[in-house]
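Asks:
There are 2 protein chains.
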Amino acid sequence: MELRRADIIADALEELVFTGGFHDGDRLDELRLAAQFDVSRTPIREALQRLVASGLAEQIPRRGVFVRQPGPVELMEMFETMAEIEGVCGRLAAMRISDAALEELDSANASCCAAVEGGDSDGYYRENERFHHVIYHQAGNGFLEHEALRLHRRLKPFRRLQLRWRGRLSQSMAEHEAIVEALRAGDCERAAEALRGHVAIQGEKFHLLMSSLRSAAE
Amino acid sequence: MELRRADIIADALEELVFTGGFHDGDRLDELRLAAQFDVSRTPIREALQRLVASGLAEQIPRRGVFVRQPGPVELMEMFETMAEIEGVCGRLAAMRISDAALEELDSANASCCAAVEGGDSDGYYRENERFHHVIYHQAGNGFLEHEALRLHRRLKPFRRLQLRWRGRLSQSMAEHEAIVEALRAGDCERAAEALRGHVAIQGEKFHLLMSSLRSAAE
DNA sequence: GCAGAATTTCTTGTATACAAAAAACTTGAC
DNA sequence: GTCAAGTTTTTTGTATACAAGAAATTCTGC
Numbered sequence: 001m002e003l004r005r006a007d008i009i010a011d012a013l014e015e016l017v018f019t020g021g022f023h024d025g026d027r028l029d030e031l032r033l034a035a036q037f038d039v040s041r042t043p044i045r046e047a048l049q050r051l052v053a054s055g056l057a058e059q060i061p062r063r064g065v066f067v068r069q070p071g072p073v074e075l076m077e078m079f080e081t082m083a084e085i086e087g088v089c090g091r092l093a094a095m096r097i098s099d100a101a102l103e104e105l106d107s108a109n110a111s112c113c114a115a116v117e118g119g120d121s122d123g124y125y126r127e128n129e130r131f132h133h134v135i136y137h138q139a140g141n142g143f144l145e146h147e148a149l150r151l152h153r154r155l156k157p158f159r160r161l162q163l164r165w166r167g168r169l170s171q172s173m174a175e176h177e178a179i180v181e182a183l184r185a186g187d188c189e190r191a192a193e194a195l196r197g198h199v200a201i202q203g204e205k206f207h208l209l210m211s212s213l214r215s216a217a218e
Numbered sequence: 001m002e003l004r005r006a007d008i009i010a011d012a013l014e015e016l017v018f019t020g021g022f023h024d025g026d027r028l029d030e031l032r033l034a035a036q037f038d039v040s041r042t043p044i045r046e047a048l049q050r051l052v053a054s055g056l057a058e059q060i061p062r063r064g065v066f067v068r069q070p071g072p073v074e075l076m077e078m079f080e081t082m083a084e085i086e087g088v089c090g091r092l093a094a095m096r097i098s099d100a101a102l103e104e105l106d107s108a109n110a111s112c113c114a115a116v117e118g119g120d121s122d123g124y125y126r127e128n129e130r131f132h133h134v135i136y137h138q139a140g141n142g143f144l145e146h147e148a149l150r151l152h153r154r155l156k157p158f159r160r161l162q163l164r165w166r167g168r169l170s171q172s173m174a175e176h177e178a179i180v181e182a183l184r185a186g187d188c189e190r191a192a193e194a195l196r197g198h199v200a201i202q203g204e205k206f207h208l209l210m211s212s213l214r215s216a217a218e
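For the record, the sequence lines run as chains A and B.
Residue numbers are given in full-length UniProt numbering: position 75 of the first sequence equals residue 75, and the series is strictly consecutive.
Residue numbers are given in full-length UniProt numbering: position 203 of the second sequence equals residue 203, and the series is strictly consecutive.
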């Protein structure tokens, strides 16, 4: 249970930014938010500071704080970074992964497959997330795991878009299996390469999607 | 010029935490700091929130915020992560680096060498930092660059300790040259490997130092 | 003398008041 | 009508006041 209202408000605002409740450049008006959440400006300001610290908003002194949605370029950069970090996690995990974790990956994959066949989109995402989280954890580096989780979470709303591609899901499952195989074999470089490619392709699909949306708008 | 006192105070507190002005677990008393900086609690609280957000302190609701120095395990994890991120930057930079940047690396290396020979420790650090920053930048990914800079900065106070090793500096210089060579050749994997090793060895030296300090204390 | 309950003090979290800077508006000259 | 100077309004940054929970202290019964 959270005791500080500022934290509750920060969570709510983060969620709103993530789910597109705010647009890039929107000013986060302290008084309006204070009225909206029925608190004074103080907890609002603390919540806004948290958003600024996590990069979801930008503060211009004496002007206010403005939401800052990543543009196409930054998104591509974030996807590329995520791909590289996943690769790193894979490389380390290949050296350190436990048998139990390998089984959990198999289990997550099986659930993922079932979700794909059943058309259960939410289930797919949940199990896919579990798959990746296990790998982060098995890298055996708490600091790295934390960073990976942070970026993974930040990209979450954008990752959902890339599943629109026909056949992407089954391809993704095949990649998952190749990843587990490399991890099981303890093949660092293959695991790194497989994971990097698996995530990088999401960025590329995303890029294509953005381009097509743009050209469709013209 | 910074207009918000909270930012100035946050910078000062960060510096104090970095330079060891506070020890792990120290409570950051709002009233005491307010008196010390001659401001009210409000800007102090905002500054403390920034420390918490950047991981330099921990907040326990209704109890206060406490400085949080990384322990040996976390430090090793941070060094390992830094090594991997540098490796990633090297891999990307090998594909994207400009001729001008290659020359700047040579220049930084030359200055570094000169500093080593002249016993100019500060100069060595400055040029070494320039060397690494150029590589981060040449990775051509602003987001990754930002993350690399952040971690690099966080590890700064601990990196200084590892130069106590006799011969480490000249070895480090040789590694720098191998890195530039790989980058110039556009050899991704070799650049990645060289940079990863270059940083990883710092973590190992650091580990040895910690162990020796511990055994010396017994 | 000591354990535990009750009270007091202290500290954090929140609300409000005030100061200063920026934005918006008004007014007036051309 | 337009532009600019001056004024008002709005908004942020800071100080202070108040509320509530935690820690420290005191008091009481044995």
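For every residue, glycine included, the Cβ atom is placed at its ideal position computed from N, Cα and C.
#1: Take the Cβ of residue 105 of chain B as the centre, count every other Cβ of all protein chains shown within 10 Å, and call the residue buried at 16 or more, exposed below.
#2: Please return the same chain residues whose Cβ sits closer than 7 Å to the Cβ of residue 10 of chain A, not counting the five positions on each side in sequence.
#3: Taking C-beta pairs closer than 8 Å, name the residues in chain B that residue 95 of chain A reaches, listed in chain order.
#4: Looking at the structure shown, is residue 220 of chain A part of a helix, part of a strand, or coil, going by DSSP?
#5: Who are the near neighbours of residue 205 of chain A in its chain, counting only those whose CB is closer than 7 Å to its CB and skipping five residues on each side?
#6: Does the beta carbon of residue 57 of chain A come closer than 9 Å to any beta carbon on chain B?
#7: Report the three-state DSSP secondary structure of residue 64 of chain A (helix, strand or coil).
#8: What are the partner residues of residue 27 of chain A, as DSSP defines its beta bridges?
#9: Let's test the definition: count the other Cβ atoms within 10 Å of the Cβ of residue 6 of chain A and tell me whether it reaches 16, buried, or not, exposed.
#10: Where residue 45 of chain B and residue 159 of chain B are concerned, what is the direct C-alpha to C-alpha distance, given to the nearest angstrom?
#11: Evaluate the contact criterion for the region 177-191 of chain A versus the region 60-73 of chain A: three or more CB pairs, one atom per stretch, below 8 Å.
#12: Do you know offhand how far residue 13 of chain B's Cα is from residue 78 of chain B's?
#13: What is the residue span of the alpha helix (DSSP H) that residue 179 of chain B lies within?
#14: Run down chain B in chain order and give the residues with a C-beta less than 8 Å from the C-beta of residue 141 of chain A.
#15: Run through DSSP, which three-state label would residue 148 of chain B get?
#16: Can you list the alpha helix (DSSP H) stretches of 4 or more residues lying completely in the region 103-163 of chain A, in chain order?
#17: I'd like the list of long-range same chain contacts for residue 207 of chain B, defined as Cβ closer than 7 Å, with 5 residues on each side in sequence excluded.
#18: List the residues of chain B whose Cβ lies closer than 9 Å to the Cβ of residue 10 of chain A, in chain order.
#19: Flag residue 104 of chain B as yes when its Cβ comes closer than 8 Å to any non-hydrogen atom of the ligand FMN, and as no otherwise.
#20: For residue 190 of chain B, which residues in chain A fall below 7 Å Cβ to Cβ?
#21: Around the Cβ of residue 137 of chain B, are there at least 16 other Cβ atoms within 10 angstroms (buried) or fewer (exposed)?
#22: Determine, using beta carbons only, whether residue 194 of chain A and residue 182 of chain A come nearer to each other than 9 Å.
#23: Between which two residues does the alpha helix (DSSP H) containing residue 19 of chain A stretch?
#24: Relative to the C-alpha of residue 125 of chain A, which candidate in A:133, A:112, A:134, A:135 has its C-alpha closest?
#25: Give me the chain A residues within the contact set of residue 15 of chain B, using Cβ-Cβ distance strictly less than 8 Å, ordered along the chain.
#26: Alpha carbon to alpha carbon, how far is residue 100 of chain A from residue 133 of chain B? Give it in angstroms, no decimals.
#27: Out of A:24, A:180, A:140, A:54, state which residue places its alpha-carbon closest to the alpha-carbon of residue 154 of chain A.
Replies: Well, looking at it:
#1: By the neighbour-count rule (16 or more Cβ atoms within 10 Å), residue 105 of chain B is buried.
#2: These residues qualify, in order along the chain: 47, 50, 51.
#3: Those do not exist, as residue 95 of chain A stays about 12 Å from chain B at its closest Cβ, beyond 8 Å.
#4: Beyond the ends of chain A as shown, which are 1 and 218, falls residue 220 of chain A; an answer cannot be given.
#5: Excluding the 5 residues flanking it on each side, residue 205 of chain A has same chain C-beta neighbours closer than 7 Å at 162, 165, 168, in chain order.
#6: Judged by the 9 Å Cβ criterion, residue 57 of chain A is not in contact with chain B.
#7: Strand.
#8: DSSP output for residue 27 of chain A lists A:66 as bridge partner(s).
#9: Its Cβ being crowded by 16 or more others within 10 Å, residue 6 of chain A is buried.
#10: Taking the straight line from one Cα to the other gives about 30 Å.
#11: Touching, no, given that fewer than three Cβ pairs across the two stretches are closer than 8 Å.
#12: Each residue's CA atom was taken as its position, placing residue 13 of chain B and residue 78 of chain B some 21 Å apart.
#13: Run containing residue 179 of chain B: 168-185, per the alpha helix (DSSP H) assignment.
#14: Within 8 Å Cβ-Cβ: 77, 80, 81.
#15: It is helical.
#16: Taking only runs of at least 4 residues, the alpha helix (DSSP H) segments lying wholly in the region 103-163 of chain A are 121-138, 142-159.
#17: Apart from the 5 residues on each side of it in sequence, residue 207 of chain B sits with its Cβ closer than 7 Å to the Cβ of 76 in its chain, given in chain order.
#18: At a C-beta separation below 9 Å, residue 10 of chain A has no neighbours in chain B, since its nearest C-beta there lies roughly 10 Å away.
#19: With respect to small molecules bound, the structure shown includes none, and the ligand FMN cannot be examined in it.
#20: Against chain A, the beta carbon of residue 190 of chain B has no neighbour under 7 Å; the closest one sits roughly 13 Å away.
#21: It is buried - the Cβ of residue 137 of chain B has at least 16 other Cβ atoms within 10 Å.
#22: In this structure, residue 182 of chain A lies closer than 9 Å to residue 194 of chain A by Cβ.
#23: Here residue 19 of chain A belongs to no alpha helix (DSSP H), and DSSP marks it neither H nor E.
#24: Relative to residue 125 of chain A, the option among A:133, A:112, A:134, A:135 whose CA is nearest is A:112.
#25: None at all; the shortest Cβ gap to chain A is about 18 Å.
#26: Their Cα atoms are separated by approximately 40 Å.
#27: Residue A:54 is the option with its Cα nearest to residue 154 of chain A.
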